[in-house]
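Chemist: Okay, handing you the structure first.
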Amino acid sequence: MQTEIPIYVSKTVLMQRLSDHARRGYLYYTFGVISADKFPKVACKFQKLYSVDQSPAMQSKRRKQGKAVFRVFYYTPSGPDAVPEMIHFWLLRTDGELPNENAKREKWKHVLHDRITIGFSEYELEMVRMARKERAEPSFTWRVCLPLFREKKRRIALKTRRKDDLRRELFLLEKLPGFSEVRKQKKELYQAIEEAWKRVRRKKEEDELEVPTVIPWLRRLPDLTVPFSQLGKRKRASRRKKPA
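So the numbering used here is basically just the index in the sequence shown, starting at one, shifted up by 12.
Structure representation (structure tokens):
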């Protein structure tokens with residue numbers, strides 16, 4: 013049933029799942045945003061046209077037959093305890109024979125040419141080469157989109173006269189997920205904060221800015237989803253509570 017379809021409520025978990033599937037060969041995608049009241053119809057369409065809930069065994073069999081297989085991910089950025097208004101989706105597919113005319117007409121993007129982005133161009137998916145057993149294997153990770161990364165550096169440079177602002181920037185950086193490319197960006201931004209701190213700190217001051225020296229990797233996270241039916245109940249309950 014469409015009402016029981018899982019909706020991701022964690023951005024970081026969603027990012028892990030998208031990069032997992034890109035690594036497994038789901039290199040084409042389309043995406044969009046739909047209102048919650050249209051979700052059942054859209055989910056039914058994806059299932060009918062693309063069999064998005066096939067088992068891994070069935071998908072493996074179809075790929076060996078040269079057919080494309082599909083997966084879809086739904087996400088609400090409002091979180092499990094908030095009222096969802098819009099649902100984001102990413103429909104992914106592998107290379108191979110397409111099942112119908114709808115799939116052929118779809119405007120598919122390739123992850124290497126049009127990178128998947130999350131949020132308002134907050135993060136983007138990037139291919140990297142991972143050295144494994146004396147050979148470089150392609151993998152996928154996330155980084156802060158370059159315009160936003162440059163803006164973060166600019167903001168740090170502008171806040172060299174206020175130590176509290178630098179502490180705030182440090183606090184925000186610590187919340188960034190530890191994907192490999194994000195870790196590199198965090199290191200560069202930490203260094204920028206340290207340099208800015210040196211410029212505003214008086215020599216005789218005793219207070220120090222504790223910039224992390226170790227940037228943790230992101231561990232493997234379990235799925236964090238809720239059924240669409242629960243999101244709908246929260247939405248209806250919120251409407252009933254609104255004053256007339």
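Even glycine gets a Cβ: it sits at the ideal position worked out from N, Cα and C.
Count the other C-beta atoms from every protein chain shown that fall within 10 angstroms of the C-beta of Leu158, then say buried if there are 16 or more, exposed otherwise.
Modeler: In the sequence shown, counting from the first residue as 1, residue 158 sits at position 146. Its Cβ having fewer than 16 others within 10 Å, Leu158 is exposed.
Chemist: Assuming Ser151 contacts Arg35 (C-beta within less than 8 Å), just tell me the rounded distance between them.
Modeler: Taking the sequence shown and counting its residues from 1, one reaches residue 151 at position 139. Taking the sequence shown and counting its residues from 1, one reaches residue 35 at position 23. At roughly 6 Å, the Cβ-Cβ gap stays under 8 Å, so Ser151 and Arg35 are in contact.
Chemist: Going by CA-CA distance only, name the one from Lys175, Thr237 and Glu222 that's closest to Ala208.
Modeler: The residue labelled residue 208 in the question sits at position 196 within the sequence shown. With distances taken between Cα atoms, Ala208 lies closest to Lys175.
Chemist: Just the C-alpha distance for Tyr40 and Gln71, rounded to the nearest angstrom, thanks.
Modeler: Here residue 40 corresponds to residue number 28 of the sequence shown, with the count starting at 1. Here residue 71 corresponds to residue number 59 of the sequence shown, with the count starting at 1. Going from the Cα of Tyr40 to the Cα of Gln71 covers about 16 Å.
Chemist: When the Cα atoms are used, what is the spatial distance from Gly108 to Ser133?
Modeler: Locating residue 108 in the sequence shown gives position 96, where the first residue counts as 1. Locating residue 133 in the sequence shown gives position 121, where the first residue counts as 1. Roughly 29 Å between the two C-alpha positions.
Chemist: How long is the line joining the alpha carbons of Lys198 and Phe101, rounded to whole angstroms?
Modeler: Walking along the sequence shown from the start, residue 198 turns up at place 186. Walking along the sequence shown from the start, residue 101 turns up at place 89. One C-alpha to the other measures close to 28 Å.
Chemist: Val45 lies in the alpha helix (DSSP H); which residues open and close that run?
Modeler: Taking the first residue of the sequence shown as position 1, residue 45 is located at position 33. Where Val45 is concerned, there is no enclosing alpha helix (DSSP H), although the beta strand (DSSP E) it sits in stretches over Tyr40 to Ser47.
Chemist: Does the separation of the CB atoms of Pro111 and Trp154 fall below 9 Å?
Modeler: Mapped onto the sequence shown, residue 111 falls at position 99. Mapped onto the sequence shown, residue 154 falls at position 142. Cβ atoms of Pro111 and Trp154: not closer than 9 Å.
Chemist: Can you tell which of Val81, Thr88, Tyr62 and Lys23 has its C-alpha closest to the C-alpha of Phe51?
Modeler: As a position in the sequence shown, residue 51 is number 39, starting the count at 1. When only C-alpha atoms are compared, the closest one is Thr88.
Chemist: Enumerate, from N- to C-terminal direction, the unbroken alpha helix (DSSP H) stretches of 4 or more residues contained entirely within the segment 52-86.
Modeler: Segments of the alpha helix (DSSP H) lying fully in the segment 52-86: 68-76.
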